[in-house]
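Participant: In terms of the working numbering, the sequence shown is numbered consecutively and its last residue is 616. Just so you know, even glycine gets a beta-carbon here, dropped at the ideal spot from N, CA and C. All values reported here derive from a predicted model rather than from experimental measurement.
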Amino acid sequence: MTSPEKNLAQQPLSFEGIDIDKLIAVALKAKWWIILIFLACNVTAYLATRWTKNVFESASELKLDIKQDATELGIKTIVEDRNINVVSGEIEQIKSKVFLSRVIDSLDFGVSYYSIGNVLKDEMYKRSPFKVEAQLTNGEIYNIPVVFNFIDSSKYKIRLYGSQEFINGQFGKPIFVNGNQLIITKTAFQNNLDANDFEFIINSKLSLIDYLYKNIKVDPLSFNANTIRIAFQDHNPFKAYDIVNTIDSLYIFYSNEQKNLANHQKINWLNNELLQVEKRMQDYENYFENFTLQNKSSDLNEDLKKTIRAINKVDSQRFELTKRLALLNEVTDDLLKDNMKLTVQHKNFLPDYINQKLEIIQKLKQDRDRLSLAYNENTFAFRQKEKEYTTARDLVFEQLGQLKKEWQKTSLELTARKNKLEKDFVSMPDKNTEFSKNQRFYKLYEEFYLLMMQSKAQFEIAQAGNTPDFKILSTATIPNIPISPQKTLMLAIGFVAGIALNFFFIGFIYLLNNKVTNTGEIERYTNVPLLGVIPAYK
């Protein structure tokens, strides 16, 4: 074997260009750094698991379904949600901020209470030693941490975050912070106080909605079965449990309300229209009532006929009365002329008492005329008979004059009545036209009213038949094991990270090391046999 071949055989081991001896030498030289990096990674992983707040998740499973019972009554579904069986639509509805606002209204999340530790803050959900009731006049203290400290059993002090000025108060008495009134009272948990300070935050509704929106998870389990999973994550397991339970209970009614929203809006519109139609129909009914009271009838065509007959009757009465007045004047003239001749025609129109008086006058006249043939006008007998005749005639004159006045008065009344009838007759066509028009409108409104009542009944039956049939396949439970941090995984990551960082660290310092560490390197790079080594002494 030649010398070069012998030297190559004596070279130290190497692996694909890596000098194992050099690698070992470099690693041994940096062993303390390697140990430090490994420990740092593992200690960091441990501290991360120790000081990271646990996150708990409470979940439930729902089966979504809607029964359409309205068709059982023979009524078609008025409004049908096209996405009624689409799980994705239900998921978006659950995650909508409108629904989350309903959830907030059902939960007592107005004030959050915390116990402040050295590193972490623990939310004292439903176990706070004090309770805050706020009457806010402005939003200056919304979402701002307020530090709370007990002074003694009856007093406390608070300060806003970032302020060093404390405000002292007494339990149960109002205190004002930036113009907002706070009343702080003690609870049954006051006996379980620890040495930590406390803090509370008055949450705005918008911040609570954002909090729910960020932490809620709604995932489909099966589109065909219409099943979904609702989960909520929070640092407090009881809080997450309450939120999921509230979502489950509220969503059944909320979803049904949304599906019936269109029907509900149409029912409201119909109610408003029905009120307006009822008012108009009431106005028409009042018109018909007043018309009947004023005209004493509701049939103007018949009234028109009656008016014509009444006018004819009045004309006949006026004609008869005029004729009687003419005969009365004739009788009066005959009496004045002392030429009274009582005829059958006179007897027919004159009253009986006047006819009797006229007969008496006529007899007295005849007796007087006979006496005038036998006696002188100056004789007592003749003058006595003349006096009887004159007295009877004057009495009849007076009665005829009274009768004439009565008939003239009656004639005037008949004339006035005729004028009124003619006036009413002239106005009747207009009244009839208006009455008929109002009747047509009333019938139209009546038909419209009945139609809307029928439509309203159909919508209400459809709404009542649209019943939710949601089933809770798996109820929410109080989680005992946090979903994060996963301590075993984090410790394993720290261990693996320590090894990986050391691997890269050793490789890095290996590449940076350009010194000769053994005789093998000299023989390998020079191809010259090494005869010996002179040791160096310090």
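1. Does DSSP put Y239 in a helix, in a strand, or in coil?
2. Looking only at its own chain, which residues have a Cβ that is under 8 Å from the Cβ of E500, when we skip the five neighbours before and after it?
3. So F316 and I556 are in contact, right, with Cβ under 8 Å, and what is the actual spacing, rounded?
4. Select from S136, L589, A570, I261 the residue whose C-alpha is nearest the C-alpha of V189.
5. Is the CB of T410 under 8 Å away from at least one CB in chain D?
6. Should the stretch 226-242 be regarded as contacting the stretch 165-181, the criterion being three or more beta carbon pairs within less than 8 Å?
7. For the beta strand (DSSP E) that E170 lies in, which residues bound it at each end?
8. Does DSSP classify K384 as helix, strand or coil?
9. Below 8 Å on the Cβ atoms is my contact criterion, and I expect S136 with Y319 to pass it. Report the Cβ-Cβ distance as a whole number of Å.
10. For the alpha helix (DSSP H) that contains T130, what are its first and last residues?
11. Terminal residues of the continuous alpha helix (DSSP H) containing G572?
12. Once DSSP output is grouped into helix, strand and coil, what is the label at G479?
13. In whole angstroms, give me the CA-to-CA distance for F617 and Y329.
14. Since T223 contacts I287 with CB under 8 Å, what's their CB separation in whole angstroms?
15. For the alpha helix (DSSP H) that contains D183, what are its first and last residues?
16. So F513 and F369 are in contact, right, with Cβ under 8 Å, and what is the actual spacing, rounded?
17. Distance check for N334 and Y350, CA to CA, integer angstroms please.
18. When DSSP labels each residue in this structure, what does D312 get in the three-state scheme?
19. N216 and P560 look like a contact to me (Cβ under 8 Å); what is the Cβ gap, rounded to whole Å?
20. Could you check whether Y124 and L569 sit closer than 8 Å to each other, using their CB atoms as the reference points?
21. Note down, one range per segment and in chain order, each alpha helix (DSSP H) of at least 4 residues found wholly within the stretch 232-303.
22. Find out if the Cβ-Cβ distance for the pair I584, A105 is shorter than 8 Å.
23. The beta strand (DSSP E) that contains K549, what's its start and end?
24. Under a three-way DSSP split, which group does G152 fall into?
25. Could you tell me how far apart the beta carbons of V197 and W129 are, in whole angstroms, since I believe they sit closer than 8 Å?
26. As a quick exercise: from A303, L353, L101, C119, pick the residue whose alpha carbon is nearest that of L528.
27. So what's A137 in DSSP terms, helix, strand or just coil?
Facilitator: Reading off the structure:
1. Stepping through the sequence shown from its first residue, residue 239 is reached at position 161. Y239: coil per DSSP, three-state reduction.
2. Counting from 1 along the sequence shown, the entry for residue 500 is found at position 422. Counting only Cβ-Cβ distances below 8 Å, and skipping sequence neighbours, we find I389.
3. Locating residue 316 in the sequence shown gives position 238, where the first residue counts as 1. Locating residue 556 in the sequence shown gives position 478, where the first residue counts as 1. With 8 Å as the limit, F316 and I556 qualify as a contact, their Cβ atoms being about 6 Å apart.
4. Reading the sequence shown from its first residue, position 111 is the one you call residue 189. Considering only alpha carbons, the answer is I261.
5. Here chain D cannot be found, since the structure has a single protein chain.
6. no
7. Counting from 1 along the sequence shown, the entry for residue 170 is found at position 92. Taken as a continuous stretch (DSSP letters only), E170 belongs to no beta strand (DSSP E), being part of the alpha helix (DSSP H) at 165-172.
8. As a working note, residue 384 is residue 306 in the sequence shown. Reduced to three states, the DSSP call for K384 is helix.
9. Position 58 of the sequence shown, counting from 1, holds the residue named residue 136. Position 241 of the sequence shown, counting from 1, holds the residue named residue 319. That belief holds up - the Cβ atoms of S136 and Y319 are roughly 4 Å apart, short of 8 Å.
10. Taking the sequence shown and counting its residues from 1, the one referred to as residue 130 is at position 52. That residue, T130, is in no alpha helix (DSSP H); it is neither H nor E in DSSP.
11. Here residue 572 corresponds to residue number 494 of the sequence shown, with the count starting at 1. 565-590 is the extent of the alpha helix (DSSP H) around G572.
12. Here residue 479 refers to the residue found at position 401 of the sequence shown. Reduced to three states, the DSSP call for G479 is helix.
13. Outside the shown range of the chain, which is 79 to 616, sits residue 617, and nothing can be said about it.
14. Here residue 223 corresponds to residue number 145 of the sequence shown, with the count starting at 1. Here residue 287 corresponds to residue number 209 of the sequence shown, with the count starting at 1. A quick correction: the sequence has Pro, not Thr, at residue 223. The pair is not a contact, with the Cβ atoms about 20 Å apart (cut-off 8 Å).
15. Translated into positions along the sequence shown, residue 183 becomes position 105. First-last of the alpha helix (DSSP H) with D183: 175-184.
16. Translated into positions along the sequence shown, residue 513 becomes position 435. Translated into positions along the sequence shown, residue 369 becomes position 291. Confirmed, Cβ separation roughly 6 Å.
17. Counted from its first residue, the sequence shown places residue 350 at position 272. Counted from its first residue, the sequence shown places residue 334 at position 256. It should be noted that the sequence gives Asn, not Tyr, for residue 350. Rounded to the nearest angstrom, the two C-alpha atoms are 23 Å apart.
18. Within the sequence shown, numbered from 1, the residue matching residue 312 stands at position 234. Correct three-state label for D312: strand.
19. Residue mapping note: residue 216 aligns to position 138 of the sequence shown, counting from 1. Residue mapping note: residue 560 aligns to position 482 of the sequence shown, counting from 1. Not confirmed; about 39 Å, so no contact.
20. Here residue 569 is taken as the residue at index 491 of the sequence shown, counted from 1. Here residue 124 is taken as the residue at index 46 of the sequence shown, counted from 1. Yes, the Cβ-Cβ distance between L569 and Y124 is below 8 Å.
21. 283-293
22. Position 506 of the sequence shown, counted from the first residue, corresponds to residue 584. Position 27 of the sequence shown, counted from the first residue, corresponds to residue 105. In contact: I584 and A105 (Cβ atoms closer than 8 Å).
23. What you label residue 549 is simply residue 471 of the sequence shown in a count that begins at 1. It spans 549-552 - the beta strand (DSSP E) in which K549 sits, taken as one unbroken run.
24. Counting from 1 along the sequence shown, the entry for residue 152 is found at position 74. Note that G152 scores 48 on pLDDT, short of 50, meaning its location in the model is unreliable; the coordinates nonetheless yield the value given after this. Coil.
25. For the purposes of this step, residue 197 is identified with residue 119 of the sequence shown, where counting begins at 1. For the purposes of this step, residue 129 is identified with residue 51 of the sequence shown, where counting begins at 1. Yes, V197 and W129 are in contact; Cβ-Cβ is about 5 Å, under 8 Å.
26. Translated into positions along the sequence shown, residue 528 becomes position 450. The shortest C-alpha separation from L528 is found at L353.
27. Counting from one through the sequence shown, the residue named residue 137 turns up at place 59. The answer is strand: DSSP assigns A137 an E or B state.
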